[in-house]
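See structure below.
Protein chains: 4
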Amino acid sequence: MISFEKLILNDSEPIYAQIVRFVKRGIVAETIQDGEEMPSRRVLSATLGVNPNTIQKAYRILEEEGIIRSHAGAKSFVQLDSAAVSSIRAELIESEIGALIGAMQQSGVSKEEALSLMQRLWKE
Amino acid sequence: MISFEKLILNDSEPIYAQIVRFVKRGIVAETIQDGEEMPSRRVLSATLGVNPNTIQKAYRILEEEGIIRSHAGAKSFVQLDSAAVSSIRAELIESEIGALIGAMQQSGVSKEEALSLMQRLWKE
Amino acid sequence: MISFEKLILNDSEPIYAQIVRFVKRGIVAETIQDGEEMPSRRVLSATLGVNPNTIQKAYRILEEEGIIRSHAGAKSFVQLDSAAVSSIRAELIESEIGALIGAMQQSGVSKEEALSLMQRLWKE
Amino acid sequence: MISFEKLILNDSEPIYAQIVRFVKRGIVAETIQDGEEMPSRRVLSATLGVNPNTIQKAYRILEEEGIIRSHAGAKSFVQLDSAAVSSIRAELIESEIGALIGAMQQSGVSKEEALSLMQRLWKE
DNA sequence: GTGGTCTAGACCACC
DNA sequence: GTGGTCTAGACCACG
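Protein chains in written order, with the working numbering: chain A, 1 to 124; chain B, 1 to 124; chain C, 1 to 124; chain D, 1 to 124.
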């Protein structure tokens, strides 16, 4: 069963998007694996203190992207093959790094400076 | 006079926010400097093909953050000291890099891998 | 739910500013308290006979000053701790009295005369 | 010749209004008296570092209120009788005190508290 | 239903 | 001409 305890919601971004991203990051980090069970919408709604409609929206998106599989009245499960994992990985990581690179370039920050800043700010 | 010709608007984010960020990045890149004149709301509105109220909203935010100075009936100017520049720089760059680091850590990406990905994806 | 029935608008000052001040004075007078629900933009707009955008502007300012809390799709609530209340009180009352004192001094009115004028003009 | 050296302009209020009020307060404080000469518009414009049109607007208002007397191409003079002084005094002082009283009442501040606050905040 | 953004256009105060 | 406020109404994202 996937745990959402480490998910801390902030309100500068839609809640449903944070839930979706949390799952995707878990998949990339391999803490979420093929076949794992999702909590029911009702339970997750209570856990996170969030409107059930919001949970429903997150699950719908995950299903549309082929990441989970739901049947009416039944439990939902993660559904992944290795191709899916690496495409999620690429989509998630490379797009985030790409966005940062674009931002740095527009701000006149050189590649070297960006790398050294990242070195310095990264704390394990 | 500050030029907004290089600002290309996308519609996945509020226009006013893109204008604000464009100015901040210009300040960090030192292409926008203390004392420079802002285009009038009407002019920039025409240049960008955007409603004057949207420009007004961006300018209001910039003024509330102390970056520009507006007086009724007079032109608007950029108002910066070196402390302001470095605080904008920190806010803009370090927060963006910090967010990326957090994302990478949550995705289980190591520091080395993140740096090498950034090396590889950065195209001048 | 906060009532705006006693708010009478005059047109010598921006409407949004009058709404903001009305809320602040309600807080100082303790007729508005932590956790109370704000009317929705649409409802207050109808109540006051004012455009929704004007209400939105007032609410935005209140939120930027940390007095109310808004989330897209959810109702808006007053959010106050005792420190906030006293700072609003100081900002509102002491600055108004301070401005009056400055004005009186510049006009050559003595403390005694000002106090006696105030005694005389105050009608319950 | 009336001195405007003590007039410090702030930009939260129209400049012309600040000039007008400065003159009125000087009259109430009797540091400005009947027959005194006003600086020329050109000179005052330079002294205050303000657009000549703004000075012109202030002078026009003062003239419309019968406080100064201007002839084309000639100097301007203050023109006051005792009735004028007391009406300016009433208009200026009592309206300011009256506004404060209204504000205090809306904020739930009692007469006694307002008077004691004023006592306490008044520093010679 | 609720909040947020945007367009369109008018009007005013100010310099 | 320039900045600021307001109305009117549409549209979208969110819960």
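Beta carbons: idealized from backbone N, C-alpha and C, even for Gly.
Computed from a predicted structure; not experimentally measured.
Taken in chain order, the members of the segment 92-119 of chain A whose beta-carbon sits within less than 8 Å of a beta-carbon on chain B are L92, I93, E94, E96, I97, G98, L100, I101, A103, M104, Q106, S107, G108, V109, K111, A114, L115, L117, M118 and Q119. By the neighbour-count criterion, in which a residue is buried when 16 or more other Cβ atoms sit within 10 angstroms of its Cβ, L9 (chain B) is exposed. With the criterion set as a beta carbon lying under 7 Å from some beta carbon of chain C, the members of the segment 6-37 of chain D are R25, V28, A29 and E30, in sequence order. Between I88 (chain C) and the set C:S12, C:F22 and C:V28, the nearest pair of CA atoms involves C:V28.
In summary, no residue of the segment 65-89 of chain D has a CB separated from any CB of chain C by less than 7 Å. For L48 (chain B), not one C-beta of chain A is nearer than 8 Å to its own C-beta. Neighbours of L121 (chain B) in chain A, taken as residues at a C-beta separation under 9 Å, are given in chain order as E94, I97, G98 and I101. Sixteen is the threshold: since fewer than 16 other Cβ atoms of the shown chains lie within 10 Å of the Cβ of R120 (chain B), the residue is exposed. C:G102 is the residue among C:L115, C:G102, C:M38 and C:L117 whose C-alpha sits nearest the C-alpha of K123 (chain D). Using a Cβ distance threshold of 8 Å, M104 (chain D) and I68 (chain D) do not count as a contacting pair. By the Cβ rule, the segment 44-60 of chain D counts as touching the segment 13-21 of chain D, because three or more pairs are nearer than 8 Å. For the segment 22-82 of chain C, the full-length alpha helix (DSSP H) segments reaching 4 residues or more read 41-48 and 52-64 along the chain. The C-alpha of L115 (chain C) is placed about 20 Å away from the C-alpha of A90 (chain C).
Looking only at C:E113, C:Q106, C:S110 and C:G98, the smallest Cα-Cα distance to L117 (chain D) is reached by C:G98. In the three-state DSSP reduction, I8 (chain B) falls in the coil class, being neither helix nor strand. Taking a C-beta distance under 8 Å as the contact criterion, S95 (chain B) and R25 (chain A) do not qualify as a contact pair.
Under a 10 Å Cβ-count criterion, Q33 (chain C) is classified as exposed, with fewer than 16 other Cβ atoms of the shown protein chains found around its own Cβ. Beyond the five residues adjoining it in sequence on each side, K75 (chain B) comes within less than 8 Å, by CB distance, of E37, M38 and S40 in the same chain, given in chain order.
Each of C:V109, C:V85, C:S86 and C:S82 was checked against the Cα of I93 (chain D), and the nearest Cα belongs to C:V109.
Assigned with DSSP and collapsed to three states, K123 (chain D) falls in coil, not helix or strand.
Non-local beta-carbon contacts of L80 (chain A) in its own chain, meaning distances under 6 Å to residues more than five positions away in sequence, involve D34 in chain order. A:K6 is the residue among A:V85, A:H71 and A:K6 whose C-alpha sits nearest the C-alpha of L44 (chain A). For G108 (chain A), there is no enclosing alpha helix (DSSP H), as DSSP marks it with neither H nor E.
Distance from T31 (chain A) to F4 (chain A) at the Cβ level is roughly 12 Å; contact not present, criterion being Cβ atoms closer than 8 Å. For the set C:G66, C:I61, C:G49 and C:G73, the Cα lying nearest the Cα of S82 (chain C) is the one of C:G66.
Restricting attention to A:S86, A:K111, A:L100 and A:V78, the CA atom closest to the CA of V20 (chain A) is found in A:V78. Here DSSP, grouped into helix, strand and coil, assigns S95 (chain C) to helix.
Residues of the same chain with a CB within less than 7 Å of the CB of L62 (chain C), apart from the 5 flanking positions on each side, are V20, V23 and I68 in chain order.
Here the alpha carbons of L100 (chain B) and E64 (chain B) stand approximately 28 Å from one another. Apart from the 5 residues on each side of it in sequence, A84 (chain D) has no Cβ closer than 6 Å to any other Cβ in its chain.
Take the alpha-carbon of Q18 (chain A) and the one of S70 (chain C): they are about 18 Å apart.
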